[in-house]
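**Student:** This structure is in structure tokens; I'll ask about it shortly.
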Amino acid sequence: MFAQTEPTAALTAGPRRGEILAGWRLTDEQRAAATHDGGHLLVVAGAGTGKTTALTARLAHLVGSGCDPGRILLLTFSRRAAAELLQRAEASAGHAVARQAWGGTFHAVANRLLRRHGPALGLDPSFTVLDQGDAAGLLALVREELADVASGAGGPTAQPRRRRRAKPETMAAILSRVVNSRTPVSTVVPRHFPWCTAELDDLKATFAGYTVRKRAAHVLDFDDLLLCWQALFEAPGAGDELRGRFDHVLVDEYQDTNALQADLLAGLAAGGARITAVGDDAQAIYGFRAADVRNILDFPSRFQADIVRLEQSQRSTPPLVAFTNAVIAEAPERHEKQLWSARSGAARPALVTCADEGAQSAAVCERLLNHLERGTPLRSQAVLVRTGHHSDLLELELSVRGIPYVKYGGLRFLEAAHVKDLVAALRLVENPRDEVAWSRVLQLIDGVGPATARRVVLAATAGGGDARIALVDRAPSLAAGLAAAVGQLATALVDAASPALVGRAGAQVDRVRRWLDPQVAARHGDAAARLADLDQLAAAAAGASSLGRFLVELALDPPASTGDLAGPPLRDDDVLTISTIHSAKGLEWDVVHVLHLADGCVPSDMATGDDAAIEEERRLLYVALTRARDALYAYVPLRYHHHRRGRDDAHGYAQRSRFLTPAALEHVDHQGAAPVSDPDPAASAPGPAAGLAAVDRRLASLFE
DNA sequence: GAAATCATACTTTTT
DNA sequence: GTATGATTTC
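According to our numbering, the first sequence holds residues -7 to 696 in order.
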């Protein structure tokens, strides 16, 4: 997986103490973190203080001191972070580390352990993994059935449902929060999902049914992965071995772990592992996923840990650090630290006030191109937004101007309907008991809706045999035409799962697509584009070692950007990054543009009302601002246009984000709106929305 | 009785 | 663009 690299001086220096890190350029703080010897350790690492370097150095130090790399566990927030760390460790500490150390997200590590030790729990190691969308699908299925049972059980047909029920995604979010925070449904719902309180009983019943169905279908959702890992600790036989499996556990981004994950660490610590947790409470931004800042705030007392602080920013220039320090200074509770920087660079961050969103897009492009002309390539610049669609208008503008970009976060590839269809079909190749997948795929057939799909699934899985084979010749009680269509689907799945194709994921995908492609083409007008998406997925699958692994990786580590699957074509081009702030965590660029710093965007109007949520939004802004090395632009549109029913054109004035306080603004230069765009429309060729703004301006000038 | 169709509302952040 | 709930069609 990792490229081989020449060992560096650090490795060849030999394992004598004190010389292990001789080749490293570390600050005193970083060295203290890397070489700490004793019990558990908390490294409070401010933004840009070189925490990855410190963590890598610690890994090298441990191995150099004689620790067995196979007994080191590295837990990171994303697989990408794990890969980077292991790669860097490999470069400096030798190949053995990357090959032998365990690394990945909590979920990926759980998956790996469960494939090996699942039977100790009575878990068939061939389970498939439900991502959150699949989980939502199964919850919807279960809820529908419960409702049918309730109304079919007689009595005056239940009161017409006038209330809108929680969306399946919301149910999944509730359930996940319940599990990860280990808090009962009856507490979680009123506190975090008050608008669902009326259906609390329905939710409880749905969750119970969901659990039963998950087990029957041999699937685990994300939360099950963690729960089952925890259960392994208690499993007779496997438990002792697993608890004592690691000597050192290094956890990155500890501020974004939840109660369940902290318990897993406690389990490992009880087995003798020494925990090193690295994180920054000022950058805790995953509260919505039940991450709890208390984990890092309470770590020293819970684990009797020593604390090392990293406060020297290696990333940002002093003026940027002064600004970001001022922004976070107003957060009420945190591990105290004062970041400073010894870097050169005197340019202050800029607050760019724009007339409206269109002007913001223009202003971004202008500054972007300025930096490009002055030598900062697009790939060293990033545009950061609170939510995926906050960049819609800018993307239009970029397309019109021919500026290439990749977007991370937001709407993801895997969420498109046709992609989910293919993935569901592939899951059936792996696991014919997966009801959610059956239900989805069957409904692709013309004339099959929820009710028919359910009947078919029920009949096919009844015998306990392979449902695919059961459906090849005789679909139960269906019109001849439908039965034939179901038979074709079943045949495709059986073929794809046949021994001749197993192990050749690419061929398996091809076989499934021979059935699926016509369905996709028939259902969607833009068939060409959608089939191209499927081509991408097929190409990625062809490169995987097996279909099962491919599907697990897809669930645990989905492609993060548009074009992540596409491979090299864009690689060597100079491409701008657009990212949600969440997806930008841990990354840095020379020049950073943060958009939409208006109340309602940052903080998001979804977060108002709850103090904790507001504080998380403050930290989110802090994360965004601290991604910049040399230049930072914060954009504030003053006016928003809302398009309603295609005709009405309402607008409203926005307030500058409340987090940009007077104290913070002392550290920025103010820039006005971008110059009004070129009066010649042909020369500037604005996108549709920007075009409207231009028309408005032209009209306004006529009225003067 | 079930599926297709229409109207309407709602769209954060992600392992 | 998509999911839901009500309505119409098969």
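Glycine included, each C-beta is placed from N, C-alpha and C at the ideal position.
Please read all numbers here as calculations on a predicted model, not as lab measurements.
DSSP three-state label for residue 627, please.
**Tutor:** Of the three classes helix, strand and coil, the one that applies to residue 627 here is strand, per DSSP.
**Student:** Alpha carbon to alpha carbon, what distance is there between residue 292 and residue 13?
**Tutor:** Cα-Cα distance, rounded: 26 Å.
**Student:** The alpha helix (DSSP H) spanning residue 391 covers which residue range?
**Tutor:** First-last of the alpha helix (DSSP H) with residue 391: 384 to 393.
**Student:** So, under 8 Å CB-CB, residue 283 and residue 274 are touching, yes? Tell me the CB distance rounded to an integer number of Å.
**Tutor:** Not confirmed; about 14 Å, so no contact.
**Student:** With DSSP as the reference, label residue 399 as helix, strand or coil.
**Tutor:** If DSSP states are grouped into helix, strand and coil, residue 399 belongs with the strands.
**Student:** Per DSSP, what kind of secondary structure is residue 220 in: helix, strand or coil?
**Tutor:** DSSP places residue 220 in helix when its eight states are reduced to three.
**Student:** Check this for me: beta carbons of residue 250 and residue 173, under 8 Å apart or not?
**Tutor:** Yes, the Cβ-Cβ distance between residue 250 and residue 173 is below 8 Å.
**Student:** Check each candidate in 323, 521 and 545 and name the one with the smallest Cα separation from residue 651.
**Tutor:** Out of 323, 521 and 545, 323 has the C-alpha closest to the C-alpha of residue 651.
**Student:** Are residue 310 and residue 341 close, meaning C-beta to C-beta below 8 Å?
**Tutor:** For residue 310 and residue 341, no; Cβs fall outside 8 Å.
**Student:** Could you please give the first and the last residue of the uninterrupted alpha helix (DSSP H) stretch that includes residue 180?
**Tutor:** Note, residue 180: alpha helix (DSSP H), 177 to 184.
**Student:** Counting only runs that start and end within the stretch 266 to 334, where is the alpha helix (DSSP H) found for 4 or more residues in a row?
**Tutor:** Entirely contained in the stretch 266 to 334, the alpha helix (DSSP H) runs reaching 4 residues are, in chain order, 286 to 295 and 310 to 320.
**Student:** Just to check my reading of the structure: residue 120 and residue 423 have Cβ atoms closer than 8 Å, yes? What is that Cβ distance to the nearest angstrom?
**Tutor:** About 5 Å; that satisfies the 8 Å criterion.
**Student:** Around the Cβ of residue 419, are there at least 16 other Cβ atoms within 10 angstroms (buried) or fewer (exposed)?
**Tutor:** Buried.
**Student:** Residue 615 and residue 374 - do their beta-carbons sit closer together than 8 Å?
**Tutor:** Their beta carbons are not under 8 Å apart, which means residue 374 does not touch residue 615 by this criterion.
**Student:** When you compare only the Cα positions, how much space is there between residue 109 and residue 380?
**Tutor:** Cα-Cα distance, rounded: 39 Å.
**Student:** Who are residue 375's beta bridge partners in DSSP?
**Tutor:** Looking at the DSSP assignment, residue 375 forms a beta bridge with 570 and 585.
**Student:** Spell out the partners DSSP gives residue 620 in its beta bridges.
**Tutor:** Note: residue 620 sits in a beta bridge opposite 581.
**Student:** Assess, as a yes-or-no matter, whether the stretch 435 to 444 is touched by the stretch 594 to 614 under the definition of 3 or more beta carbon pairs within less than 8 Å.
**Tutor:** Output reads no: the stretch 435 to 444 does not touch the stretch 594 to 614.
**Student:** So for residue 425, helix, strand or coil by DSSP?
**Tutor:** DSSP places residue 425 in coil when its eight states are reduced to three.
**Student:** Could you check what DSSP says for residue 649 in three-state terms: helix, strand or coil?
**Tutor:** In this structure, residue 649 counts as coil in the three-state DSSP scheme.
**Student:** Terminal residues of the continuous beta strand (DSSP E) containing residue 122?
**Tutor:** 120 to 122 is the span of the beta strand (DSSP E), which, as asked, contains residue 122.
**Student:** Ignore the nearest five residues each way along the sequence and tell me which others in residue 99's own chain have a CB closer than 8 Å to its CB.
**Tutor:** 214, 217, 218 and 548.
**Student:** Using the C-alpha atoms, what's the distance from residue 490 back to residue 543?
**Tutor:** If I take the Cα positions, the gap works out to 18 Å.
**Student:** Taking only three categories from DSSP, how would you classify residue 96?
**Tutor:** Note: residue 96 maps to strand in three-state DSSP.
**Student:** So what does residue 138 bridge to, in DSSP terms?
**Tutor:** Answer by DSSP bridge pairing: none, since residue 138 is not bridged.
**Student:** Contact check, residue 319 vs residue 613 under 8 Å by CB: the rounded distance?
**Tutor:** Yes, they are in contact, since the Cβ atoms of residue 319 and residue 613 sit about 6 Å apart, within 8 Å.
**Student:** Could you name the residues that DSSP lists as bridge partners for residue 64?
**Tutor:** For residue 64, which the question treats as bridged, DSSP gives the partners 240.
**Student:** Determine the DSSP secondary structure at residue 596, reduced to helix, strand or coil.
**Tutor:** The answer is strand: DSSP assigns residue 596 an E or B state.
**Student:** Check whether the Cβ atoms of residue 241 and residue 257 lie closer than 8 Å to each other.
**Tutor:** Yes, they are a contact pair.
**Student:** Can you list, in chain order, the residues of its chain whose CB lies under 8 Å from that of residue 500, leaving out five sequence neighbours each side?
**Tutor:** Counting only Cβ-Cβ distances below 8 Å, and skipping sequence neighbours, we find 418, 421, 488, 489, 493, 494, 533 and 539.
**Student:** Which residue comes first and which comes last in the beta strand (DSSP E) that contains residue 347?
**Tutor:** First-last for residue 347: undefined, no H or E at that position.
**Student:** Decide if residue 473 is buried, meaning its Cβ has at least 16 other Cβ atoms within 10 Å, or exposed.
**Tutor:** Label assigned to residue 473: exposed.
**Student:** Smallest Cα separation from residue 411: which of 458, 521, 343 and 335?
**Tutor:** Residue 411 has its Cα closest to that of 521, out of 458, 521, 343 and 335.
**Student:** Under three-state DSSP, which class holds residue 670?
**Tutor:** Residue placement at residue 670 cannot be trusted, given a pLDDT of 35 that sits under 50; the coordinates are not used to answer.
**Student:** Is DSSP giving residue 410 helix, strand or coil here?
**Tutor:** Of the three classes helix, strand and coil, the one that applies to residue 410 here is helix, per DSSP.
**Student:** To the nearest angstrom, how far is the alpha carbon of residue 137 from that of residue 427?
**Tutor:** The alpha-carbon atoms of residue 137 and residue 427 are separated by roughly 13 Å.
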